[in-house]
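In numbering that gives the first Met the number 0, the protein residues as written are 0 to 385. We put the beta carbon where it would ideally sit given N, CA and C, even for glycine.
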Amino acid sequence: MTILERDAIIAGVGMSTIGRRTGIAGIDLTEAAARAAIADAGLTVADVDGVATMGDTPLGEACARLGIEPGWKGGGFDTGGLLSPLMSAFWAVGSGKARHVLVYRTVQMMGGSILPSEDAGAPASEERAEALAALDWVGPLLTMHAYSAANWVAMHCRRHMELYGTTKEQLGWLAVTSRRHASLNPAAAYREPMTLDDYLAARPISDPFGLYDCDVPVDGSIALVVSHADRAPDCPNPAVRVHAIGGATGEGAWDQRPDYPKMASADAAAQMWSRSELTPGDVDVAELYDGFTFLTFAWLEALGLCGEGESGPFVEGGQRITIGGELPLNTYGGQLSAGRMHGYWVVHEAVLQLRGAAGERQVPGAEVAAVSAGGGPIAGCMLLTR
Numbered sequence: 000m001t002i003l004e005r006d007a008i009i010a011g012v013g014m015s016t017i018g019r020r021t022g023i024a025g026i027d028l029t030e031a032a033a034r035a036a037i038a039d040a041g042l043t044v045a046d047v048d049g050v051a052t053m054g055d056t057p058l059g060e061a062c063a064r065l066g067i068e069p070g071w072k073g074g075g076f077d078t079g080g081l082l083s084p085l086m087s088a089f090w091a092v093g094s095g096k097a098r099h100v101l102v103y104r105t106v107q108m109m110g111g112s113i114l115p116s117e118d119a120g121a122p123a124s125e126e127r128a129e130a131l132a133a134l135d136w137v138g139p140l141l142t143m144h145a146y147s148a149a150n151w152v153a154m155h156c157r158r159h160m161e162l163y164g165t166t167k168e169q170l171g172w173l174a175v176t177s178r179r180h181a182s183l184n185p186a187a188a189y190r191e192p193m194t195l196d197d198y199l200a201a202r203p204i205s206d207p208f209g210l211y212d213c214d215v216p217v218d219g220s221i222a223l224v225v226s227h228a229d230r231a232p233d234c235p236n237p238a239v240r241v242h243a244i245g246g247a248t249g250e251g252a253w254d255q256r257p258d259y260p261k262m263a264s265a266d267a268a269a270q271m272w273s274r275s276e277l278t279p280g281d282v283d284v285a286e287l288y289d290g291f292t293f294l295t296f297a298w299l300e301a302l303g304l305c306g307e308g309e310s311g312p313f314v315e316g317g318q319r320i321t322i323g324g325e326l327p328l329n330t331y332g333g334q335l336s337a338g339r340m341h342g343y344w345v346v347h348e349a350v351l352q353l354r355g356a357a358g359e360r361q362v363p364g365a366e367v368a369a370v371s372a373g374g375g376p377i378a379g380c381m382l383l384t385r
């Protein structure tokens, strides 16, 4: 089997200012992150021959600001979900369609979209039309007056509690540990200490979720440069290799899977492991999507990092998932405390960990990182290696 993604590396990473209600325009955030990533890769804007994104800050606007004339453009809301632009960049580089691809994700608190972006005045693309059609996933939930993703994921969590005895306190240990990690991250939105009692006292959002079960909206941009693997020796910073990827749109939409409360994460993980000779036991650090606490529980089980139904006991007490523990998890603070970057901060942090450049939150000797994004019927994951 050809593993096309193994011909790709992440050569550079960049991050804009990240904060709440910064007032900074999306295009300015995008430019800051993109220029930082290109410089980190030891390249110039003229070297970039591909660009991929989804959501805010249209690709055309970003290219015009940066002075990039890409021969290849990617994006999409394909089988990799939120990570589709990055996965498409791996394949573009691996297949020779591009050599250096800039991938960025820009978000802003007041508004924002996870749909493929459109340039102003441009006709709707086939890709965007497909993404809009995919919103039929949520139709049945809307008829039940479940209008928020918090409602949808809460139902999965409640079912998991009924099946396996998962507790509210176990969810809380993830939030508390993430906050502890965020305290080591100067870029995190929330760094002040949080106790389990603080977590339990937070206002309710959608049973069983409270405020601290939900991610933190922020303004910011994260960019990565994907290059061909043959450039690794020339990178000014250690290149991170792409070992295997997996993605799925999942059957049964949000609430009709025969194995509910499992999600598309189970399918994406199975595909990823089928493309790898590594095993869950080889993973040194995990950066897993936490739009809500339970999504991380679902990913732990889907990836085989703990047994089915065992995610609650696995995180309980926080010892296993803290830096220095058995499986350091969301070492930058996650979306629960650092900020909601729609799955791109997890990749940025994994790169820093594998480079040995994460500072106070560094996991000693990290060589293999598991990364994931998404929930419900959209999911993508990957294994990155030193």
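Whole-angstrom distance between Tyr198 and Tyr211, CA atom to CA atom: As a working mapping, residue 211 is identified with position 212 in the sequence shown. As a working mapping, residue 198 is identified with position 199 in the sequence shown. For Tyr211 and Tyr198, the distance between alpha carbons rounds to 6 Å.
Contact set for Leu195: own chain, Cβ-Cβ below 8 Å, skip 5 residues either direction: Numbered from 1 along the sequence shown, position 196 holds the residue referred to as residue 195. Glu168, Gly171, Trp172 and Val175, listed in sequence order.
Alpha carbon of Ile322 to alpha carbon of Ala357, nearest angstrom: The residue given as residue 322 occupies position 323 in the sequence shown. The residue given as residue 357 occupies position 358 in the sequence shown. Going from the Cα of Ile322 to the Cα of Ala357 covers about 11 Å.
Residue closest to Leu353, alpha-carbon to alpha-carbon, out of Ala148, Glu68, Ala368 and Ala91: Sequence index remark: in the sequence shown, residue 353 carries index 354 (1-based). Nearest of Ala148, Glu68, Ala368 and Ala91 to Leu353, Cα basis: Ala368.
Unbroken stretches of the alpha helix (DSSP H), 4 residues or longer, contained in the segment 37-79: 58-65
Stretch-stretch touch, CB-based, cutoff 8 Å, three pairs: the segment 23-32 with the segment 44-58: yes
Rounded C-alpha distance that separates Phe313 from Leu42: If you number the sequence shown from 1, residue 313 lands on position 314. If you number the sequence shown from 1, residue 42 lands on position 43. Rounded to the nearest whole angstrom, the CA to CA distance from Phe313 to Leu42 is 42 Å.
Nonlocal neighbours in the same chain, by C-beta distance under 8 Å from Met108, ignoring five residues either side: To locate residue 108, count along the sequence shown from 1; it is residue 109. Same-chain partners within the cutoff: Arg19, Arg20, Pro216, Val217 and Asp218.
Rounded C-alpha distance that separates Leu3 from Ile9: Stepping through the sequence shown from its first residue, residue 3 is reached at position 4. Stepping through the sequence shown from its first residue, residue 9 is reached at position 10. About 14 Å.
Proximity winner among Ala285, Glu191 and Gly290, relative to Glu325 (alpha-carbon distances): Counting from 1 along the sequence shown, the entry for residue 325 is found at position 326. Nearest of Ala285, Glu191 and Gly290 to Glu325, Cα basis: Ala285.
DSSP three-state assignment for Pro84, whether helix, strand or coil: Within the sequence shown, the letter at position 85 stands for residue 84. Residue state, collapsed to three classes: helix.
Cβ-Cβ distance between Val346 and Val370 below 8 Å: Indexing the sequence shown from 1 puts residue 346 at position 347. Indexing the sequence shown from 1 puts residue 370 at position 371. Yes. Within cutoff.
Beta-carbon spacing of Gly73, Gly95 below 8 Å: As a first step, residue 73 must be located in the sequence shown, where it is residue number 74. As a first step, residue 95 must be located in the sequence shown, where it is residue number 96. Their beta carbons are not under 8 Å apart, which means Gly73 does not touch Gly95 by this criterion.
Residues near Ser264 in its chain [Cβ-Cβ closer than 6 Å; skip 5 each side]: The residue you call residue 264 lines up with position 265 of the sequence shown. So the list reads Ala297, Trp298, Ala301 and Ala378, once near-sequence residues are dropped.
8 Å contact criterion, which Asp6 and Val92 should meet: CB distance rounded: Here residue 6 refers to the residue found at position 7 of the sequence shown. Here residue 92 refers to the residue found at position 93 of the sequence shown. Correct: roughly 7 Å between the Cβ atoms.
Helix, strand or coil at Asp254 according to DSSP, with G and I counted as helix: Within the sequence shown, the letter at position 255 stands for residue 254. Coil at Asp254, not helix or strand.
Other residues of its chain near Leu85: CB distance less than 6 Å, five sequence neighbours each side excluded: What you label residue 85 is simply residue 86 of the sequence shown in a count that begins at 1. Cβ within range, chain order: Val102.
Length of the line joining the Cα atoms of Glu129 and Thr78: The residue you call residue 129 lines up with position 130 of the sequence shown. The residue you call residue 78 lines up with position 79 of the sequence shown. Note that Glu129 scores 49 on pLDDT, short of 50, meaning its location in the model is unreliable and no value can be drawn from it.
Nearest neighbour of Leu294, chosen from Gly355, Arg64 and Asn150 [CA to CA]: What you label residue 294 is simply residue 295 of the sequence shown in a count that begins at 1. Here the closest residue by C-alpha is Asn150.
For Ala153 and Phe208, believed in contact at Cβ under 8 Å, the rounded distance: The residue given as residue 208 occupies position 209 in the sequence shown. The residue given as residue 153 occupies position 154 in the sequence shown. That pair is a contact at about 5 Å.
Ala35 versus Val224, Arg230, Ala201 and Arg202, residue with shortest Cα-Cα distance: Here the question's residue 35 lines up with position 36 in the sequence shown. When each option's Cα is compared against that of Ala35, the closest is Val224.
Val175 at chain D interface by Cβ criterion, 8 Å: Of the chains in the structure shown, none is chain D; there is only one protein chain.
Check whether Leu304 and Ala349 have beta carbons under 8 Å apart: What you label residue 304 is simply residue 305 of the sequence shown in a count that begins at 1. What you label residue 349 is simply residue 350 of the sequence shown in a count that begins at 1. Not closer than 8 Å, so no.
Short Cβ contact (8 Å threshold) for Thr165 with Pro376: For the purposes of this step, residue 165 is taken as residue 166 along the sequence shown, with counting starting at 1. For the purposes of this step, residue 376 is taken as residue 377 along the sequence shown, with counting starting at 1. No.
Beta-carbon proximity of Ala228 to Arg274, cut-off 8 Å: The residue labelled residue 228 in the question sits at position 229 within the sequence shown. The residue labelled residue 274 in the question sits at position 275 within the sequence shown. No.
Endpoints, alpha helix (DSSP H) assigned at Gly249: To locate residue 249, count along the sequence shown from 1; it is residue 250. That residue, Gly249, is in no alpha helix (DSSP H); it is neither H nor E in DSSP.
Among Cys156, Ala188, Glu191 and Ile320, the one whose alpha carbon lies nearest that of Asp206: On the sequence shown, residue 206 is found 207 positions in, with the first residue counted as 1. Answer by Cα proximity: Cys156.
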